[in-house]
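Asks: Using this note's numbering, read the sequence shown as starting at -13 and increasing by one per residue.
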Amino acid sequence: MSANARSRTKTTSSPSARAPGEPRELLNYRLAERIAQDELATIYRGTHLTLDRPVDVHMLRRTDWVSSSRFQLAARLAARLSHPNILPVIDAGHDERYGDYIVTPRIDGRPLDAVLAEAPLDPLLALRVFSQLGAALDYMHQQSVAHRDVRPENITLTPQGIAYLTNFSLAHAPDTPDLSSIEEADYLTAYSAPEQSLTGGELRPASDLYSLGALLYTMISGELPPAAGQPIKAQADRDPTLAGADRVIRRLLSVQPGQRFANAEQAATALRQSLRRQIDASTDDMEESRWETTAEWLENPVESVIGDLIDHEFLGKSRARADALHRSGALRRTLDRWSRQGFLRKPALGQVVQPEQIVSYNLYAYELRVHYETRAKLVTRERVYKGEPINPQFAELALWEVPVPELDGFVDAPAEVMVIAGSQKIMSCGECNGVTQVICKQCAGKGTVEKTRRIKEADGSARSEAFAASCGVCQGYGKVACPRCEAAGQLLQEKTFTWSRQGRAFFNEDDVADYQKLAVQTQAQEVFRQPIDAYAPRWYQIAPLKELLESVINGGGPDSRLIAAELIIRGTPVTEIDYQLKGRQHSLALIGAKDEVRGDLSLFDAERALLYGAIALLALALVLVLIFFR
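1. With 16 as the cutoff for other CB atoms within 10 Å, does Gly408 come out buried or exposed?
2. Among Arg326, Leu35, Ser304, which has the Cα closest to the Cα of Ser346?
3. Name the DSSP bridge partner or partners of Tyr30?
4. So, is Glu359 buried or exposed, given that buried needs 16 or more other C-beta atoms within 10 angstroms?
5. Between which two residues does the beta strand (DSSP E) harbouring His158 extend?
6. Which residues in the same chain as Cys429 place their Cβ atom closer than 8 Å to its Cβ, once the five residues preceding and following it in sequence are excluded?
7. For Pro9, which residues in the same chain have their Cβ closer than 7 Å to its Cβ, ignoring the five residues on either side in sequence?
8. For Ser414, name the three-state secondary structure that DSSP assigns.
9. Taking the alpha carbon of Glu289 as the point to measure from, which residue in Ala334, Val513, Ala499 has its own alpha carbon closest?
10. Which residue comes first and which comes last in the beta strand (DSSP E) that contains Trp51?
11. Just to confirm before moving on: does the CB-CB distance between Gly433 and Gly462 stay below 7 Å?
12. Report buried or exposed for His80, applying the criterion of at least 16 other Cβ atoms within 10 angstroms of its Cβ.
13. Ala132: buried (16+ other C-beta within 10 angstroms of its C-beta) or exposed?
14. DSSP beta-bridge partners for Lys437?
15. Where are the beta strand (DSSP E) runs, 3 residues long or more, that stay fully inside the region 65 to 148, in chain order?
16. Is there a Cβ of chain D sitting closer than 7 Å to that of Pro469, yes or no?
17. Just the Cα atoms here: how many angstroms apart are Phe492 and Arg355?
18. Would you identify the three-state DSSP class for Glu387, choosing helix, strand or coil?
19. Would you mind giving the Cβ-Cβ distance between Tyr526 and Pro91, rounded to the nearest angstrom? I have them listed as a contact below 8 Å.
20. Under 7 Å, do Leu110 and Ser325 count as touching if we go by C-beta distance?
21. Along the alpha helix (DSSP H) that carries Ile206, what are the first and last residues, could you check?
22. Between Val241 and the rest of its own chain, which residues show a CB-CB distance below 8 Å, the 5 nearest in sequence each way excluded?
23. Would the beta-carbon of Asp161 fall within 7 Å of that of Glu251?
24. If we require 4 or more residues per run, which alpha helix (DSSP H) segments fall completely within the region 227 to 291?
25. Quick check on DSSP: helix, strand or coil for Asp225?
26. Relative to the C-alpha of Asn14, which candidate in Glu25, Thr36, Ala22 has its C-alpha closest?
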């Protein structure tokens, strides 16, 4: 999360730089070994104490205000930006002993510069990394953020080929601190655009595109990019199939920003088209060299992250479907066939539309079934001690350490009051002080109560006479059994809580146009079903699933914990066509294995519909006339 460049600013080390390597605790985290150190931060492996979640903790090791401002900027931007190929910040703060820190998920990957030190990347892996980073940069630019330090040291690459952009400490954003005191020469690298400056207030996406092109050159060649304006070594000299990639690199490394691509997506599309021969050779289900020039396959971020887990038959069939539809003339034949199958459909639709872009991809819907365990209403209660054995030999267990019934996953359990083991104490009854009896309230302990009776005199008159009678409650003893302890003399004090388990289901889906939604839902097929660790960083790289998981983790309430999660993913292949018809822009989609056609009213023959509508009205009018004059 911090820059790897040199700085001429005089700094002093914070306590984190001098901290020993043995495990220690930092607020909610337990730190283990140090794994890396860069210009701004020392990085430790760590574990979240409550969630038992593995993380990496980046602790600021410099105390000057510029370093502190850059470190905080990196934290804010990475926490605010949400993209599958941007390493997120999940926590940040200040510790009195160690200073400022940033927490990121544990990623099983290596810095790209370490990978490139061994060998250049295969061109197709370079294409994949380039496309992922380009998508991240385009997203950032839409958020008015420019990275300004795209280079191998600031990229992490996993064994699965997933790339993460890191280190936003030199980024341009609306809240970027004043970096005018920094010596720019120390931070301008071989990957920096010639016009790049740390003091300008203007957003320059083109500078990031230059850096992306320089990175592409290094990934393919294994060498540092040439200085701006210097001759660029052609990779086609050693591999003729890279001639198209050379053109993409030269355009990205243009000295004039206006001569570069408008955005990274355009560059990635051009690079993909230039490598079609390699793509065809590496896959059995696609031959892109035979496609329409406007056709393109887009890999869903889900496939980048968990493609190894998704049903391989589905992926193979969806790619083969796209390959068939993208071939020259295939789409027109498909649309013509659709036209013939409906009376009011526009005749020979495939011959009248003018496709401008054909894009195929898979859409996914996500169902997350989760189970929560709730331990709530912690109270201390007293009850009559009836001599049952208790075990006071061990300490009182913490709430979430108390054993509960063993249940299979996703089995609900109704609310049940449970006792916290080790919390039981035998105590003398406070009502009777352990003597088992209390003063009778009826007679105040005298054993008798005063009553009156009527006495009739000899002369026939009557009078009232008081007399002492034995108390009917205590039978004259003056004491009764203690009602609080039921004459046991002892009470059992214990802590209890209410335990239950309940399941919920959460749903989300990829963005889909309204006119496609119903067909996408009805044609979706299950491609993944598996229990998952809801805290594993891998799942948070998928934006719709990240939204689900954040809702799930907080969805049980403060007294609940997530104990089980099962993810179900359903996929639908889609081919989307942007086309012109009579000078107007339209879109249609072929959805699912059945290639259901969905679009607007331009797909139907309005003139034929009006004609037959008029005929139907005339027929109805004729029938009414015949009935009226019958």
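Where a beta carbon is used, it is the ideal one built from N, C-alpha and C, also for glycine.
These figures come from a predicted structure and were not determined experimentally.
Replies: Short version:
1. As a first step, residue 408 is located in the sequence shown; it is residue number 422 there, counting from the start. By the neighbour-count rule (16 or more Cβ atoms within 10 Å), Gly408 is buried.
2. Position 360 of the sequence shown, counted from the first residue, corresponds to residue 346. It is Ser304 whose Cα lies nearest to the Cα of Ser346.
3. Mapped onto the sequence shown, residue 30 falls at position 44. Answer is Arg20, Val43.
4. Translated into the one-based positions of the sequence shown, residue 359 becomes position 373. Buried, by the Cβ-count rule.
5. Taking the sequence shown and counting its residues from 1, the one referred to as residue 158 is at position 172. Premise fails: His158 is in no beta strand (DSSP E) and is neither H nor E.
6. Within the sequence shown, residue 429 is the residue found at index 443, counting from 1. Contacts found: Val435, Cys457, Val459, Cys460, Gly464.
7. Numbered from 1 along the sequence shown, position 23 holds the residue referred to as residue 9. Confidence is the limiting factor: at Pro9 the pLDDT is only 49, short of 50, which leaves the residue's position unreliable, though a coordinate-based value still follows. Same-chain partners within the cutoff: Arg16, Leu17, Ala18.
8. One-based indexing of the sequence shown puts residue 414 at position 428. Note: Ser414 maps to strand in three-state DSSP.
9. Within the sequence shown, numbered from 1, the residue matching residue 289 stands at position 303. When only C-alpha atoms are compared, the closest one is Val513.
10. Taking the sequence shown and counting its residues from 1, the one referred to as residue 51 is at position 65. Looking at the DSSP string, Trp51 is not in any beta strand (DSSP E); the run it does join, the alpha helix (DSSP H), is 51 to 66.
11. By one-based count along the sequence shown, residue 433 stands at place 447. By one-based count along the sequence shown, residue 462 stands at place 476. A contact, by the Cβ cut-off of 7 Å.
12. Position 94 of the sequence shown, counted from the start, is the residue given in the question as residue 80. When all chains shown are included, His80 counts as exposed.
13. As a working mapping, residue 132 is identified with position 146 in the sequence shown. That one is buried.
14. Against the sequence shown, residue 437 aligns to sequence position 451. In DSSP, Lys437 forms a bridge with Phe453.
15. 77 to 81, 85 to 91, 141 to 143
16. The chain labelled as chain D is not found in the depicted structure, where only one protein chain is given.
17. One-based indexing of the sequence shown puts residue 492 at position 506. One-based indexing of the sequence shown puts residue 355 at position 369. Answer to the nearest angstrom: the Cα atoms are 6 Å apart.
18. In the sequence shown, the residue the question calls residue 387 occupies position 401. Glu387: helix per DSSP, three-state reduction.
19. Indexing the sequence shown from 1 puts residue 526 at position 540. Indexing the sequence shown from 1 puts residue 91 at position 105. So it is a contact: roughly 7 Å between Cβ atoms.
20. Stepping through the sequence shown from its first residue, residue 110 is reached at position 124. Stepping through the sequence shown from its first residue, residue 325 is reached at position 339. Not in contact: Leu110 and Ser325 (Cβ atoms no closer than 7 Å).
21. The count along the sequence shown starts at 1 and reaches residue 206 at position 220. Counting along the chain, the alpha helix (DSSP H) containing Ile206 begins and ends at 191 to 207.
22. Your numbering for residue 241 matches position 255 in the sequence shown. Taken in chain order, the residues that qualify are Pro180, Ala214, Gly215.
23. On the sequence shown, residue 161 is found 175 positions in, with the first residue counted as 1. On the sequence shown, residue 251 is found 265 positions in, with the first residue counted as 1. Against a cut-off of 7 Å, the Cβ pair of Glu251 and Asp161 comes out as no contact.
24. 229 to 238, 250 to 260, 262 to 268
25. The residue given as residue 225 occupies position 239 in the sequence shown. In this structure, Asp225 counts as coil in the three-state DSSP scheme.
26. For the purposes of this step, residue 14 is identified with residue 28 of the sequence shown, where counting begins at 1. Nearest of Glu25, Thr36, Ala22 to Asn14, Cα basis: Thr36.
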